[in-house]
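A.B. asks:
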Amino acid sequence: MRMLLHKCPAWPAPMAVLAVALCLVTSGRVLSAANVQPAAGGRVFKAGAVASNITPALGMPRVGGWEAYPAAHIHDELHARCLVLDDGTTRLAFVVVDNVGVPREVFDEAKRLIHEATGLPVAHLMMSATHTHRGVSARGADPLKMGAPFDEYQRFLVQRIADGVRRAINNLEPARIGWGSGQVPQHVFNRRWKLKEGETVMNPFGEYDRAVNHAGGEMRNKVLEPAGPTNPEVYFLSVQALNGRPIALLANYWLHYVGPGGVPQDHLSSDYFGAFCDRIQELLGADRQDPPFVGILANGPCGDVTNGNQAADAPPQPKYGPYGKIRKVADDVAQEVMRVHRTVVHREWVPLRGAAAELVLKMRQPTPAMVARAKEVLARPANASPIHIREVTYAERTLAAQKWPATVSVPLQTFRLGDLGIAAMPFEVFAETGLEIKAKSPFKDTFSIELANGSYGYLPTPEQHALGSYETWIGTSRVEIDASRLIVAKIMELFGQVNEAQSSGSK
Numbered sequence: 332m333r334m335l336l337h338k339c340p341a342w343p344a345p346m347a348v349l350a351v352a353l354c355l356v357t358s359g360r361v362l363s364a365a366n367v368q369p370a371a372g373g374r375v376f377k378a379g380a381v382a383s384n385i386t387p388a389l390g391m392p393r394v395g396g397w398e399a400y401p402a403a404h405i406h407d408e409l410h411a412r413c414l415v416l417d418d419g420t421t422r423l424a425f426v427v428v429d430n431v432g433v434p435r436e437v438f439d440e441a442k443r444l445i446h447e448a449t450g451l452p453v454a455h456l457m458m459s460a461t462h463t464h465r466g467v468s469a470r471g472a473d474p475l476k477m478g479a480p481f482d483e484y485q486r487f488l489v490q491r492i493a494d495g496v497r498r499a500i501n502n503l504e505p506a507r508i509g510w511g512s513g514q515v516p517q518h519v520f521n522r523r524w525k526l527k528e529g530e531t532v533m534n535p536f537g538e539y540d541r542a543v544n545h546a547g548g549e550m551r552n553k554v555l556e557p558a559g560p561t562n563p564e565v566y567f568l569s570v571q572a573l574n575g576r577p578i579a580l581l582a583n584y585w586l587h588y589v590g591p592g593g594v595p596q597d598h599l600s601s602d603y604f605g606a607f608c609d610r611i612q613e614l615l616g617a618d619r620q621d622p623p624f625v626g627i628l629a630n631g632p633c634g635d636v637t638n639g640n641q642a643a644d645a646p647p648q649p650k651y652g653p654y655g656k657i658r659k660v661a662d663d664v665a666q667e668v669m670r671v672h673r674t675v676v677h678r679e680w681v682p683l684r685g686a687a688a689e690l691v692l693k694m695r696q697p698t699p700a701m702v703a704r705a706k707e708v709l710a711r712p713a714n715a716s717p718i719h720i721r722e723v724t725y726a727e728r729t730l731a732a733q734k735w736p737a738t739v740s741v742p743l744q745t746f747r748l749g750d751l752g753i754a755a756m757p758f759e760v761f762a763e764t765g766l767e768i769k770a771k772s773p774f775k776d777t778f779s780i781e782l783a784n785g786s787y788g789y790l791p792t793p794e795q796h797a798l799g800s801y802e803t804w805i806g807t808s809r810v811e812i813d814a815s816r817l818i819v820a821k822i823m824e825l826f827g828q829v830n831e832a833q834s835s836g837s838k
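Reading the sequence shown from the start, the letters are residues 332 to 838 in this note's numbering.
This is the structure:
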């Protein structure tokens, strides 16, 4: 309160109460009575949040590109941002980690520690990666080997995630919750392009694709149209203390990381995800609080979405300095969230539900012809001319895929927060799959979180598999071609479970 008075103009003593009220309203920290829905029957809803620092030591290789550069500078800290919600009967926890993709084994170990320390059911714990391309690997010393022992950073990450959720539980306090969505279309473009009739392009396996994942340079005259849709919506849920103090805001935007923008290759950064969290805190007037406000931005289905307009008739793109475009995207998303946030009704109680299931999928296996060709490629002299710039990389991935198991069990989750539904999947999901889930959901509002509870590569639809290109190649896509359809069907089953009237009663 002292801080708020200090920020207000000088007022005569008799007007002190009015001054405080005006400052709170103008900072967006108190909603009118019309924008608060009281709880009935004495029920108490609680929320707690924490940002747990997961920044690695300098010197680790920065991943997210084809080459890994030792990190020489930390532009901004990396975090595991944690939000815990409790309706008095059911408790849920959401964790969003600044990483390109976290293996299931790492998340599972963090969940085990949390469950042992708090009793929180594993099915009620959701953990996802932001997909920043400016972090370090959480995939271990041998990312092509499934089930390898944890390395030092993986062990550190497990502990920091577990600590973060426990600290968020410690911060639980009576709260109210609201949600909404806005439109930020100017930064989402489908990066996959269908080629014109008769046009093809050779892939690393010596075969021909009918789509490319970029339309620049020599491809500009060969492409026909984007191969899929995008989703311009930004979703968010907001939790506040009963006096209006912001506790946390969890947003969901369906955009891959932000393109290079002159960012040095040896910098670590949380990308636009972290920049959004910082900006929304500023817009909400929520800095220097105790407990601190926590902004969170989870990535939605965007395995085929980029921030650059590659269309032939696209207007000239502005030139940005280092981190300039990251800040631009973050600010635009935060400004739209803030615009809608002013109209959101915060409820003092909503029912919470969570459901989880395992779905067994077939792993893709290379054909004998693919294996033979991969061996041939790797046996060539180092100065041999490749037919594709990534020919050697995918030859190595082809041989590694021989050791994959025949099937893999992947975790899927759904949540209900009042009449809001959330789906969580451990893949880089295409936008069209996320839109299909939204259209079929039984809830009034629905969004999806990708790279949740694991990282199993890209999830193209069968139709996208038929077109080919990077996201469909074995090594970047690991599971059967019909996997997206099987996953949508299972998500709908789980939505049915959390939509049931009666709670399971689990804590």
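All residues carry an ideal CB built from backbone N, CA and C; glycine is no exception.
As the structure is a computational prediction, the values presented were derived from the model and not from experiment.
Leaving out five residues before and five after A460 in sequence, what residues of the same chain have Cβ atoms less than 7 angstroms from its Cβ?
C.D. replies: For the purposes of this step, residue 460 is taken as residue 129 along the sequence shown, with counting starting at 1. V428, N430, V431, G432, V433, L782, S786, listed in sequence order.
A.B. asks: Would V437 and A469 be called neighbours here (beta carbons separated by less than 8 angstroms)?
C.D. replies: Mapped onto the sequence shown, residue 437 falls at position 106. Mapped onto the sequence shown, residue 469 falls at position 138. Yes, these two residues count as a Cβ contact at 8 angstroms.
A.B. asks: Straight-line CA distance for L355 to T531?
C.D. replies: The count along the sequence shown starts at 1 and reaches residue 355 at position 24. The count along the sequence shown starts at 1 and reaches residue 531 at position 200. Confidence at L355 is low in this model, with a pLDDT of 40, below 50, so the placement of that residue should be treated as unreliable; the coordinate-derived value is given next. Looking at the two C-alpha atoms, the distance is approximately 60 angstroms.
A.B. asks: Against chain C, with Cβ distances strictly below 8 angstroms, would G396 count as a contact?
C.D. replies: Going by chain labels, chain C is absent from the structure shown, which holds only one protein chain.
A.B. asks: If you scan the segment 486-549 from start to end, which runs of the beta strand (DSSP E) of 3 or more residues do you find wholly inside it?
C.D. replies: 504-514, 524-526
A.B. asks: Going by DSSP, what residues sit across from V739 in a beta bridge?
C.D. replies: Here residue 739 refers to the residue found at position 408 of the sequence shown. Per DSSP, L692.
A.B. asks: Taking C-alpha atoms, which residue in V565, R551, V554 lies nearest to S779?
C.D. replies: Here residue 779 refers to the residue found at position 448 when the sequence shown is read from its first residue. The shortest C-alpha separation from S779 is found at V565.
A.B. asks: Short of 8 angstroms in beta carbon distance, which residues of its chain neighbour V702, apart from the five on each side in sequence? Order them along the chain.
C.D. replies: As a working mapping, residue 702 is identified with position 371 in the sequence shown. T729, L730, Q733.
A.B. asks: Where do the ends of the beta strand (DSSP E) carrying M458 lie?
C.D. replies: Indexing the sequence shown from 1 puts residue 458 at position 127. Unbroken beta strand (DSSP E) run through M458: 456-460.
A.B. asks: In the DSSP output, what is G685 paired with across the bridge?
C.D. replies: Counting from 1 along the sequence shown, the entry for residue 685 is found at position 354. Paired residue(s): F746.
A.B. asks: How far does the beta strand (DSSP E) with Q571 in it extend, from its first residue to its last?
C.D. replies: If you number the sequence shown from 1, residue 571 lands on position 240. Here the beta strand (DSSP E) through Q571 covers 564-572.
A.B. asks: With C-beta atoms as the reference, is P632 less than 8 angstroms away from F761?
C.D. replies: The residue you call residue 632 lines up with position 301 of the sequence shown. The residue you call residue 761 lines up with position 430 of the sequence shown. It is a contact, given that the beta carbons lie within the stated cut-off.
A.B. asks: For the alpha helix (DSSP H) that D429 lies in, which residues bound it at each end?
C.D. replies: Mapped onto the sequence shown, residue 429 falls at position 98. That residue, D429, is in no alpha helix (DSSP H); it is neither H nor E in DSSP.
A.B. asks: Excluding five sequence neighbours on each side, which residues of the same chain lie with their C-beta closer than 6 angstroms to the C-beta of G788?
C.D. replies: For the purposes of this step, residue 788 is identified with residue 457 of the sequence shown, where counting begins at 1. The beta carbon of G788 sits closer than 6 angstroms to the beta carbons of T807, S808, R809 from its chain, once the five residues preceding and following it are set aside; these are given in chain order.
A.B. asks: Could you tell me how far apart the beta carbons of I822 and I768 are, in whole angstroms, since I believe they sit closer than 8 angstroms?
C.D. replies: For this step, residue 822 is matched to residue 491 along the sequence shown. For this step, residue 768 is matched to residue 437 along the sequence shown. Cβ-Cβ separation between I822 and I768: approximately 6 angstroms, consistent with a contact (criterion under 8 angstroms).
A.B. asks: Taking buried to mean at least 16 other C-beta atoms within 10 Å of its own C-beta, is Q795 buried or exposed?
C.D. replies: Locating residue 795 in the sequence shown gives position 464, where the first residue counts as 1. Result: buried.
A.B. asks: With H, G and I counted as helix, E and B as strand and the rest as coil, what does DSSP make of Y651?
C.D. replies: The residue given as residue 651 occupies position 320 in the sequence shown. Of the three classes helix, strand and coil, the one that applies to Y651 here is coil, per DSSP.
A.B. asks: Please classify R360: is it buried, with 16 or more other beta-carbons within 10 angstroms of its beta-carbon, or exposed?
C.D. replies: Counted from its first residue, the sequence shown places residue 360 at position 29. With a pLDDT of only 48 at R360, under the threshold of 50, the placement of this residue in the model should not be trusted; the figure read from the coordinates follows. Its Cβ being crowded by 16 or more others within 10 Å, R360 is buried.
A.B. asks: Using only the alpha-carbon positions, how far apart do L683 and P622 sit?
C.D. replies: Indexing the sequence shown from 1 puts residue 683 at position 352. Indexing the sequence shown from 1 puts residue 622 at position 291. Rounded to the nearest angstrom, the gap between the Cα atoms of L683 and P622 is 23 angstroms.
A.B. asks: Straight-line CA distance for K771 to F758?
C.D. replies: Numbered from 1 along the sequence shown, position 440 holds the residue referred to as residue 771. Numbered from 1 along the sequence shown, position 427 holds the residue referred to as residue 758. Between K771 and F758, the C-alpha separation is close to 19 angstroms.
A.B. asks: Out of G529, Q828, L692, which one is the CA nearest neighbour of A814?
C.D. replies: As a first step, residue 814 is located in the sequence shown; it is residue number 483 there, counting from the start. Considering only alpha carbons, the answer is L692.
A.B. asks: With C-beta atoms as the reference, is P736 less than 8 angstroms away from E689?
C.D. replies: For this step, residue 736 is matched to residue 405 along the sequence shown. For this step, residue 689 is matched to residue 358 along the sequence shown. No.
A.B. asks: So, for Y484: in the same chain, excluding its five sequence neighbours on each side, which residues have a beta-carbon less than 8 angstroms away from its beta-carbon?
C.D. replies: Sequence index remark: in the sequence shown, residue 484 carries index 153 (1-based). Cβ neighbours of Y484 beyond the five flanking positions: P387, M391, V467, S468, A469.
A.B. asks: State the beta-bridge partners of L864 as determined by DSSP.
C.D. replies: In the structure as shown, the chain starts at 332 and stops at 838, and residue 864 therefore has no counterpart that could be examined.
A.B. asks: Just list the residues that DSSP pairs E759 with in beta bridges.
C.D. replies: Residue numbering aside, residue 759 sits at position 428 when the sequence shown is read from its first letter. For E759, which the question treats as bridged, DSSP gives the partners Y789.
A.B. asks: Are the beta-carbon atoms belonging to V415 and L444 less than 8 angstroms from one another?
C.D. replies: Residue 415 sits at position 84 when you count from the first residue of the sequence shown. Residue 444 sits at position 113 when you count from the first residue of the sequence shown. Not in contact: V415 and L444 (Cβ atoms no closer than 8 angstroms).
A.B. asks: Apart from the five residues on each side of it in sequence, which residues of its chain come closer than 7 angstroms, Cβ to Cβ, to L581?
C.D. replies: Along the sequence shown, one-based indexing puts residue 581 at 250. So the list reads L414, F425, F567, L568, I627, A629, once near-sequence residues are dropped.
A.B. asks: Contact check, R551 vs A643 under 8 angstroms by CB: the rounded distance?
C.D. replies: Looking up residue 551 in the sequence shown gives position 220. Looking up residue 643 in the sequence shown gives position 312. Right, the Cβ-Cβ distance comes to about 6 angstroms (below 8 angstroms), so this counts as a contact.
A.B. asks: Is the distance from the Cβ of G590 to the Cβ of G639 below 8 angstroms?
C.D. replies: Within the sequence shown, numbered from 1, the residue matching residue 590 stands at position 259. Within the sequence shown, numbered from 1, the residue matching residue 639 stands at position 308. Against a cut-off of 8 angstroms, the Cβ pair of G639 and G590 comes out as a contact.
A.B. asks: Ordered along the chain, which non-local residues of its own chain (more than five positions away) have a Cβ less than 6 angstroms from that of A820?
C.D. replies: Translated into positions along the sequence shown, residue 820 becomes position 489. Contacts found: none.
A.B. asks: Within the same chain, show all residues whose beta-carbon is closer than 6 angstroms to that of R610, passing over the 5 residues directly before and after it, in chain order.
C.D. replies: Position 279 of the sequence shown, counted from the first residue, corresponds to residue 610. Closer than 6 angstroms at Cβ, skipping near neighbours: A661, D662, A665.
A.B. asks: Which residue from E831, K706, T745, F520 puts its Cα closest to that of M457?
C.D. replies: Sequence index remark: in the sequence shown, residue 457 carries index 126 (1-based). Of E831, K706, T745, F520, the residue nearest in Cα terms is T745.
A.B. asks: Taking contact to mean at least 3 C-beta pairs separated by less than 8 angstroms, is the segment 370-385 in contact with the segment 586-606?
C.D. replies: no
A.B. asks: Only counting the same chain, and skipping five residues up and downstream in sequence, which positions put a Cβ closer than 7 angstroms to that of Y725?
C.D. replies: To locate residue 725, count along the sequence shown from 1; it is residue 394. Closer than 7 angstroms at the Cβ level, and outside the excluded window around Y725, lie P535, F536, W804, G806.
A.B. asks: Please classify K442: does DSSP put it in a helix, a strand, or coil?
C.D. replies: Start at 1 with the first residue of the sequence shown, and residue 442 comes out as number 111. Helix at K442.
A.B. asks: Starting from G827, trace the alpha helix (DSSP H) in both directions and tell me its first and last residue.
C.D. replies: Position 496 of the sequence shown, counted from the first residue, corresponds to residue 827. For G827, the enclosing alpha helix (DSSP H) stretches over residues 814-829.
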